[in-house]
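Here the structure is laid out as structure tokens; the discussion comes afterwards.
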Amino acid sequence: MERALIASIFLLATSSLLCASSRPPSPIIIIDPGHGGKDPGARAHHTKEKDLVLSFSKKLAQSLKKKVKAQVFLTRSNDVFIPLEKRDEIANQRQCDLFLSVHANASKSRQAQGIELYYLNRATDRASEKLANRENEYAPQKLDSSEKILSDLLQAAATEESAELSGIMKASLKNLRKKYSVKKIETKTALFYVLVGAKCPSLLMEVGFLTNPEEVRRLKRPKFQKDFAETVADAIARYLEGRTKSHRDL
Ligand SMILES: [Zn+2]
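Printed below as a string of structure tokens:
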């Protein structure tokens, strides 16, 4: 009798343990509003990149909390300077499942426009290289792009997953065109310091060009920021859903 009771308690305990371990933990998403404090990032048309990306990132965090069963953290929630390597440290300490660094672009040409999605790799073109140099301004050291270092970096940086995420994001962002005249959405690669250290799929998104008068006007509108954030959150939800499915299929 007693033995049967102990056996059933043991069974109960192991089955609840099994349940707990088979339930996937809620994913951890880190949103990284670029720059902050002494580092304003790009500046044009009375707009500072650090302010714009913080406002957008907060809206994105809200959308994600509504759409995805995930824990969402910002690397900064006010106007403070955080070194690039510290941003990765925050992501890794939280054991990130996804890291998204949010930036805004600038160009000498007032015509330059569009959303750009970057994952870590050799720069796609000269413009991407220049952009990465600008965004890496506060990096503690220069990135060495020699073959050996680069291949190690890419191996550690979950490049395939990041590329997949950027594809899903690009497809989702096309929905913005139903309401707004967003002319270009591109997926590119470059050596961004902030993407090197995060141990999870990571992207750097340039939300648009502050130097383009039409684009900066749109980017500053709270309604556009909200719609943009919802679209990005949809893409993240789709990416995470696909990931859970492929884990289930294993
Ligand atoms: Zn930036």
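Taken in order, the sequence shown gives residues -8 to 241; the numbers are from this note's numbering. The C-beta atom is built at its ideal place from N, Cα and C for all residues, glycine as well.
> What do you get for Thr235, buried or exposed, if any count of 16 or more other CB atoms within 10 angstroms of its CB means buried?
Replying inline: exposed
>> Less than 8 Å between C-beta atoms, sequence neighbours within five positions excluded: which residues of the same chain meet that for Ser163?
In response: Thr222, Val223, Asp225, Ala226 and Arg229
> From which residue to which residue does the beta strand (DSSP E) around Ser193 run?
Replying inline: Ser193 to Phe200
> What residue range is occupied by the uninterrupted alpha helix (DSSP H) comprising Tyr184?
Replying inline: Tyr184 to Val187
>> Helix, strand or coil, according to DSSP, for Val44 in the structure here?
In response: helix
> Taking buried to mean at least 16 other C-beta atoms within 10 Å of its own C-beta, is His37 buried or exposed?
Replying inline: exposed
> Any idea if Ala114 is buried or exposed, counting beta-carbon neighbours within 10 angstroms, 16 or more meaning buried?
Replying inline: buried
>> Could you give the first and the last residue of the continuous beta strand (DSSP E) run that contains Leu265?
In response: Any answer about residue 265 is impossible in this case: the structure gives the chain only from -8 up to 241.
> Expressed to the nearest angstrom, what Euclidean distance is found between the alpha-carbon atoms of Glu40 and Val173?
Replying inline: 19 Å
>> Can you determine whether any heavy atom of ligand 1 sits closer than 6 Å to the C-beta of His36, and answer yes or no?
In response: no
> Is Gly27 near ligand 1, with its Cβ less than 6 Å from a heavy atom?
Replying inline: Because no heavy atom of ligand 1 lies under 6 Å away, the Cβ of Gly27 does not count as near it: no.
>> On the DSSP letters alone, give me the boundaries of the beta strand (DSSP E) that Pro24 sits inside.
In response: Ile19 to Pro24
> Do Gly32 and ligand 1 come close, with the Cβ less than 6 Å from some heavy atom?
Replying inline: yes
> Taking the continuous alpha helix (DSSP H) assigned at Thr150, which residues delimit it?
Replying inline: Thr150 to Leu164
>> So, with DSSP's three-state summary, where would you put Asp143?
In response: helix
>> Give me, in chain order, the residues of the same chain whose beta-carbon lies closer than 6 Å to that of Pro192; leave out the 5 immediate sequence neighbours on both sides.
In response: Leu89, Ala149, Glu152, Ser153 and Leu156
>> Using 8 Å for Cβ pairs, my map puts Val63 next to Lys57. What's the rounded Cβ distance?
In response: The Cβ separation is near 10 Å, so there is no contact.
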